[in-house]
Structure formats: structure tokens, C-alpha cells
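I have placed the structure first, in the form of C-alpha cells, so that the comments after it can refer back to it.
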């Protein structure tokens, strides 16, 4: 407990949630003609290896890494935490990309569903001690551009991931 959760930005939906995206596009004829939307949906999956390598080179070894894939933060983050710990995420700490906000609006999705389907702008979460979090964020900005302290780990009785704050 007391570890910091550091989020590393995604480059888009990566490879997850495209069945729902396809359905939402099918319900809106002509919207797929929007070049900006198409570009955002086709953005290649970011590789996190350079960021992880930079962490190691600087002597910062994350206690755990969670790749936010299918199942979103709700399914992937608990897999790397001990069973007695959960994650408390402050949604106001990062800017959810406009693409996800648009998709959430089109689908009328609750936050809990959106954060289970998509990465919502965070593609990798590093679990680090408090002393390493500042260095990790600074180093990450130099390597990848968007690394944010998004929350912490805490003891839990039930919910493994708790979303706090507002993302819009």
C-alpha cells in the first residue's frame, strides 16, 4: 500500500474495443468520412519499450506494470496488484483524448463501461514507490511525452479499482 500509480499515455484505442467502435460508426452514416476521426482510429499501437528501458537506465524499477488492453483499467490493473490491494485513480489527473469522449457520448456509456472497454488515454500503468514517482514522471516526459501520476494503491475490501474525480 502507498505505492503511486503512474500512467503512460496511449496513442489511441490500440487494438481494443473496435467491435463497439464499428457499431457506433455504423449507426452514424457519413461520420467515417471525417479524416481526423479515421486517423485517430488508425493510429498505430504505441510501444512502451523505450519508456521502460529509460526507467531501468535511470535505476527506477517499477514494482509492476499493467498493459491496459481488453478489459481496460478495471480488468488489467488488478492483475498486477496483490489481492489485498486495490487502485484509487483520480480521473482529473489526465486529459482523456477527445476520441474517447466522442465514443462515450455516441454510445451513451457510463464511465465504468468506457473504462472497461477502452484504455481511455492510459496505455500502461507503472506501480512505483513514492520516492520513484517524481523521477519516473520527469523521465517519462523526456522519452514519451505524457506520463502522469494518476493515483495510488490502497487496501480494499471489495472494489479493486475505484475511479474518483471527473474526467470532463
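In our numbering, the protein residues as written are 1 to 168. Even for Gly, the Cβ is constructed at its ideal location relative to N, Cα and C.
- In this structure, DSSP gives residue 122 an extended state, which the three-state scheme calls strand.
- One alpha carbon belongs to residue 53, the other to residue 161, and they sit about 27 Å apart.
- In this structure the segment 62-71 does not touch the segment 22-38; the number of beta carbon pairs closer than 8 Å is below three.
- Classified as exposed, residue 47 has fewer than 16 neighbouring CB atoms from the shown chains inside 10 Å of its CB.
- In the three-state scheme derived from DSSP, where H, G and I count as helix and E and B as strand, residue 147 is classed as strand.
- DSSP places residue 95 outside both helix and strand once states are collapsed to three, so it counts as coil.
- Note on residue 168: under 16 other CB atoms within 10 angstroms of its CB, so exposed under the neighbour-count rule.
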